[in-house]
Ligand SMILES: Cc1cc2nc3c(=O)[nH]c(=O)nc-3n(C[C@H](O)[C@H](O)[C@H](O)COP(=O)(O)OP(=O)(O)OC[C@H]3O[C@@H](n4cnc5c(N)ncnc54)[C@H](O)[C@@H]3O)c2cc1C
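Numbering (the working numbering), first residue to last: 3 to 469.
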């Protein structure tokens, strides 16, 4: 069936270029419904959000009406119980046909939902929130990045939590948080209440909006104008049941819930942005003609070559993401989050970590590179606002720099490939002895003695503090 757009054949790539064989009948029907919602609601709001820096709350309300805010929430908790393939498709569709900022908000919302569904069972507060998420349009977000540690979001150096009689006293400053000041709830990660210097000892907490100081309306950036990312401050006491999981569960939460969903939905969102660039550029080059030759821009072989390469890059990135989503479904009883009830230590999603990072890199690189190519293919007209490419070019860059940035991701995957997973020193704990000895070897005897004296004083200090 040809893809339709308001009663007409879609102006972009037709559905023979969509990997529809990954989707069930039900998921294909949902996608058609969502494309129509994008045409009528999300896309007009994307243009409005970009022009006026407005938060696209109306788009999120429309998604909630389709039951998409709780897409991965188990059916027994009132959600859609959708699998990874379906969730990926939804993110890609929102970004491609609708609004990239909404896709990014959706992605951070889903990261937060993943953190909750992972440890929902037995926690009445979390179960209640998840069961109302679509009915009440409760948008969440994940506030992870500490200002001091940049994009290393798993390393909250200055945030902390401690046990108090009423529950937990949590202090957190986050440099960036999508939906800052607009979200209805937040999850955040700090070092654990019993923290003793090991930065892998992390805990996750849930906050309602009145407990968080966000910064609505401050987002002033190149693109993604609707996402309204901004600093967040938390300094509050919350009840005991607002810990997600238990003290020290944060690293597992990252590996098993937050990272897999984040990387997969990065892929959905940014493959969608890249495809949107190809779609709007196709619309232009197939309509714009040069009178002197009687040819359209699309008739030039060089332009066909640019589109061919763009489509091939798109499909490589999408197939990577969909194959990964299918693998995650196969490993989790078709996307179940109930597997942790019987076995809280189960880590089937984490086994795909290196694939997850690869898909983030591929999709965000694809979006950025293809946006530039498509702008060039459209010439001066592509530079104008009304074609919508200019907005997509600006929006496309965010994925590359979002955590883990593509520089960090490539180095991480490379190190993993060369030396194995254990070589990755997430929390800067492993001593690189060859480097250390090499540096010490550069010192003369007096220099070495200075270091010895310093270390001896440090050890004496530790001994005295123990007495
Ligand atoms: C639109 C948008 C929305 C966001 N939303 C959220 C959100 O909802 N929640 C949240 O927690 N965060 C969010 N962030 C933050 C984001 O995930 C990153 O943490 C942030 O962009 C990092 O920016 P920085 O300037 O601190 O980069 P830095 O970490 O300071 O990096 C600067 C440069 O150094 C490079 N670099 C850093 N470390 C290394 C390394 N080890 N090796 C090689 N190169 C390195 C980077 O690649 C980059 O080029 C958002 C960011 C954006 C742009």
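All C-beta atoms in this analysis are idealised placements derived from N, C-alpha and C, irrespective of residue type, glycine included.
By the 10 Å Cβ neighbour count, where 16 or more other Cβ atoms means buried, how is residue 238 classified, buried or exposed?
buried
Near ligand 1: residue 407 beta-carbon under 7 Å from a heavy atom
Yes - ligand 1 has a heavy atom lying nearer than 7 Å to the Cβ of residue 407.
Residue from 41, 58, 330, 109 whose Cα sits closest to the Cα of residue 10:
41
Could you please give me the residues that DSSP links to residue 189 through a beta bridge?
144, 208
Check residue 462 in the structure and name its three-state DSSP category.
helix
For the alpha helix (DSSP H) holding residue 303, just list the boundary residues, first then last.
First-last of the alpha helix (DSSP H) with residue 303: 303-333.
For residue 173, which beta-bridge partners are listed by DSSP?
162, 237
Does the distance from the CB of residue 43 to the CB of residue 66 come in under 8 Å?
Result no, Cβ atoms of residue 43 and residue 66 do not sit closer than 8 Å.
Give me the Cβ distance between residue 177 and residue 149, rounded to the nearest whole Å; I'm assuming they're in contact under 8 Å.
4 Å
Nearest-angstrom Cα separation, counted from residue 107 out to residue 242
28 Å
Contact belief for residue 97 with residue 271 at Cβ below 8 Å, rounded distance in angstroms:
Approximately 5 Å separates the beta-carbon atoms of residue 97 and residue 271; this is inside 8 Å, confirming the contact.
Any idea if residue 198 is buried or exposed, counting beta-carbon neighbours within 10 angstroms, 16 or more meaning buried?
exposed
Relative to the C-alpha of residue 191, which candidate in 367, 114, 323 has its C-alpha closest?
Checking every option, the nearest Cα to that of residue 191 belongs to 114.
Best match in 89, 321, 206 for proximity to residue 20 [C-alpha to C-alpha]
321
Could you pull out every unbroken beta strand (DSSP E) segment of at least 3 residues lying fully inside the segment 332-404, listed in chain order?
none
Which of the three DSSP states is assigned to residue 75 in this structure?
coil
Candidates 48, 156, 78, 249: which alpha carbon is nearest residue 340's?
78
What is the DSSP secondary structure of residue 11, counted as helix, strand or coil?
strand
Environment of residue 47 [buried if 16+ CB atoms lie within 10 Å]
buried
heavy atom of ligand 1 below 7 Å from residue 33 C-beta
no
If you measure from the CB of residue 2, is any heavy atom of ligand 1 nearer than 7 Å?
Outside the modelled stretch of the chain, which goes from 3 to 469, sits residue 2, for which no answer is possible.
Within a Cβ cutoff of 6 Å, which residues of the same chain sit near residue 100, ignoring the five residues on either side of it in sequence?
If the five residues before and after residue 100 are omitted, its C-beta is found closer than 6 Å to the C-beta atoms of 40, 44, 45, all from its own chain and listed in chain order.
Are residue 363 and residue 412 closer than 8 Å when you measure CB to CB?
yes
Reduced DSSP secondary structure (H/G/I, E/B, other) of residue 137:
Secondary structure at residue 137: coil, using DSSP grouped into helix, strand and coil.
At a cut-off of 7 Å, would you count residue 236 as near ligand 1, judging by its Cβ distance to the nearest heavy atom?
No, the beta carbon of residue 236 sits no closer than 7 Å to any heavy atom of ligand 1.
Taking a contact to mean a Cβ-Cβ separation below 8 Å, would you say residue 206 touches residue 124 in this structure?
no
Which one of 422, 425, 407 has the shortest CA to CA distance from residue 152?
407
Could you say which of 329, 284, 327 lies nearest to residue 310 if we only look at CA atoms?
Considering only alpha carbons, the answer is 284.
Less than 8 Å between the beta carbons of residue 180 and residue 231, yes or no?
yes
Taking residue 25 and residue 95 to be in contact with their CB atoms under 8 Å, please state how far apart those CB atoms are, rounded to whole angstroms.
Not confirmed; about 11 Å, so no contact.
Is residue 182 closer than 8 Å to residue 216 when the C-beta atoms are compared?
Taking 8 Å as the Cβ cut-off, residue 216 and residue 182 qualify as a contacting pair.
Bounding residues of the alpha helix (DSSP H) (the contiguous stretch that carries residue 406):
Looking at the DSSP string, residue 406 is not in any alpha helix (DSSP H), and its letter there is neither H nor E.
If contact is defined by three or more beta carbon pairs under 8 Å, each pair taking one atom from either stretch, is the segment 277-297 in contact with the segment 379-394?
yes
Distance check for residue 463 and residue 221, CA to CA, integer angstroms please.
47 Å
Sufficient close CB pairs (3 or more, under 8 Å) joining the segment 384-399 to the segment 340-359:
Remark: fewer than three beta-carbon pairs, one from each stretch, lie closer than 8 Å, so the segment 384-399 and the segment 340-359 are not flagged as touching.
Since residue 89 is in the alpha helix (DSSP H), which residue starts that stretch and which ends it?
In this chain, the alpha helix (DSSP H) harbouring residue 89 covers 86-95.
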